[in-house]
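Engineer:
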Amino acid sequence: MKSIPIVYSSQYSADLQGHVFPIEKYRLTVERLEAEGILGDVHEPEPATREQLELVHTPEYLDDLAAARWTPRTASSEMALTPEIYRAFVLGAGGSIRAARLALEGRGPAMNVGGGLHHAFADHAEGFCYINDVALAVRAMLSEGRLERVAVIDCDLHQGNGTAVIFADDANVFTFSIHEEHLYPVKQKSDLDVGLPSFAGDDVYLPPLRKYVPAILDEHRPEFVAYVAGADPYAGDQLGTLQLSLEGLIERDRLVLGSCRERGIPAAILLAGGYAARTEDTVTIHVNTYKVAAGLL
Ligand SMILES: [Zn+2]
Numbered sequence: 001m002k003s004i005p006i007v008y009s010s011q012y013s014a015d016l017q018g019h020v021f022p023i024e025k026y027r028l029t030v031e032r033l034e035a036e037g038i039l040g041d042v043h044e045p046e047p048a049t050r051e052q053l054e055l056v057h058t059p060e061y062l063d064d065l066a067a068a069r070w071t072p073r074t075a076s077s078e079m080a081l082t083p084e085i086y087r088a089f090v091l092g093a094g095g096s097i098r099a100a101r102l103a104l105e106g107r108g109p110a111m112n113v114g115g116g117l118h119h120a121f122a123d124h125a126e127g128f129c130y131i132n133d134v135a136l137a138v139r140a141m142l143s144e145g146r147l148e149r150v151a152v153i154d155c156d157l158h159q160g161n162g163t164a165v166i167f168a169d170d171a172n173v174f175t176f177s178i179h180e181e182h183l184y185p186v187k188q189k190s191d192l193d194v195g196l197p198s199f200a201g202d203d204v205y206l207p208p209l210r211k212y213v214p215a216i217l218d219e220h221r222p223e224f225v226a227y228v229a230g231a232d233p234y235a236g237d238q239l240g241t242l243q244l245s246l247e248g249l250i251e252r253d254r255l256v257l258g259s260c261r262e263r264g265i266p267a268a269i270l271l272a273g274g275y276a277a278r279t280e281d282t283v284t285i286h287v288n289t290y291k292v293a294a295g296l297l
C-alpha cells in the first residue's frame with residue numbers, strides 16, 4: 001500500500017475571521033501529499049443531509065445552525081457563525097461519513113482531511129465545534145446496518161467531551177480519549193479516559209496508549225474505528241503542553257493504526273485540532289499520519 005483514500009474539498013475552507021484554527025491546513029495537507037507524490041484517490045464529499053445530522057443533533061440546534069442564528073445553543077461556541085462557516089462544517093461532516101464508508105468498503109484506513117470536531121454536543125456547540133462529525137460518521141454507519149460495534153480512539157490534545165456524552169448510553173460504541181487533564185474542556189466521562197499531566201512528553205504518553213488501544217480492540221471487538229488524530233499534542237502547539245515530539249506522534253499513529261491493521265479493523269482518520277506556532281508543523285504531523293496509514297512510515 002502506497003496511498004489511502006482521501007476525502008477533501010476546497011470548500012472545507014471558510015473565512016473564520018481571524019480565528020486561531022488554521023483552516024488552511026486542510027488545503028496545505030493535500031498540497032503537501034501531492035507534492036510528495038503520495039496523494040491517494042481524492043473523493044469529493046457531499047454535505048451531510050438534515051436526516052444524517054439528526055442522527056446526532058437536535059432539530060432546534062440544527063435550525064439555529066442552518067440560519068446562522070446566535071442563540072444559547074450556538075453562542076456556546078468559541079467561533080463565529082456565518083452561513084459560509086456552517087456550509088464548510090456540514091460539508092466536512094459529510095466528509096467524515098464518506099471516509100467511514102470508504103474505510104469499510106476498502107477494509108482499511110481512509111482519511112477525511114477535515115473533521116474530528118469532538119467538542120460539539122447533541123444540542124449545543126462548544127469550542128471550535130458546531131457539528132460532531134465523529135459521532136455522525138459512527139451513527140451513520142450504525143444506522144445503515146453496516147456494523148454493530150465501534151470504537152472511537154481520540155488522541156487529540158483535548159478530551160472528546162461531546163463524543164463521550166453523545167455515546168454515554170450506547171453500549172455499541174466504546175469511547176476512548178487520551179488528553180491533557182488540566183486543560184479545556186470540562187471533562188465528561190468516556191468509556192475510558194486517560195488524563196495526562198502537563199509536560200507529559202513521549203515517555204509518559206506512549207505507554208498507556210500501548211497498553212489500552214490493543215486491549216480496547218480485543219475486548220470490545222469493534223468492526224470499525226474512528227481515529228481522532230489531532231496534531232495538537234505536539235510540543236510546538238500553542239494551546240497545550242503535552243509536548244510530544246514529531247517522532248512520538250508517528251509512534252502514536254503506528255500504535256493506533258497498526259493495532260487496527262493487525263486485527264483487520266477499518267479506520268476512518270479525522271484530523272481534528274492542530275495549532276502549532278508554525279502551521280507547516282501541523283501539516284507535517286497530518287502528512288505523517290497519512291504516511292503511517294499508507295505504510296510509508
Ligand atoms: Zn484539540
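Going by my numbering, the sequence shown opens with residue 1, and the numbers climb by one from there. Where is the CB? At the ideal position from N, CA and C, for every residue including glycine.
1) Residues bridged to leucine 244 by DSSP?
2) Pull up the distance between the alpha-carbon of valine 186 and that of aspartate 63, whole angstroms please.
3) Considering only residues of the same chain and omitting the five flanking positions on each side of aspartate 253, which have a CB-CB separation below 6 Å?
4) Could you say if the stretch 237-256 and the stretch 92-104 meet the contact criterion of at least three C-beta pairs nearer than 8 Å?
5) Can the beta-carbon of leucine 249 be found less than 7 Å from the beta-carbon of isoleucine 285?
6) Can you give me the start and stop residues for the beta strand (DSSP E) that proline 109 sits inside?
7) For arginine 37, does the three-state DSSP call read helix, strand or coil?
8) State the CB to CB distance for the pair leucine 136 and alanine 14, rounded to an integer number of angstroms; the pair is presumed to be in contact (CB under 8 Å).
9) Assign aspartate 218 to buried or exposed, taking buried as 16 or more other Cβ atoms, counted over all protein chains shown, within 10 Å of its Cβ.
10) When you measure from the CB of leucine 157 to every non-hydrogen atom of ligand 1, does any distance come out below 6 Å?
11) Is the number of C-beta pairs between the stretch 20-37 and the stretch 134-151 that are closer than 8 Å three or more?
12) Taking the C-alpha atoms as reference points, what is the distance between alanine 215 and leucine 270?
13) With a threshold of 16 other CB atoms inside 10 Å of the CB of aspartate 41, please say whether the residue is buried or exposed.
14) So, with DSSP's three-state summary, where would you put histidine 179?
15) Counting only runs of 3+ residues fully inside the stretch 130-160, write out the beta strand (DSSP E) ranges in chain order.
16) Exposed or buried, what is lysine 211 when buried is set at 16 or more other beta-carbons lying within 10 Å of its beta-carbon?
17) Check alanine 229 in the structure and name its three-state DSSP category.
Structural biologist: Quick look at the numbers:
1) Tyr234
2) 26 Å
3) Thr289, Val292
4) no
5) yes
6) 109-112
7) Note that residue 37 is glycine in the sequence shown here, rather than arginine. Glycine 37: coil per DSSP, three-state reduction.
8) That pair is no contact at about 18 Å.
9) exposed
10) yes
11) no
12) 22 Å
13) exposed
14) strand
15) 150-154
16) exposed
17) coil
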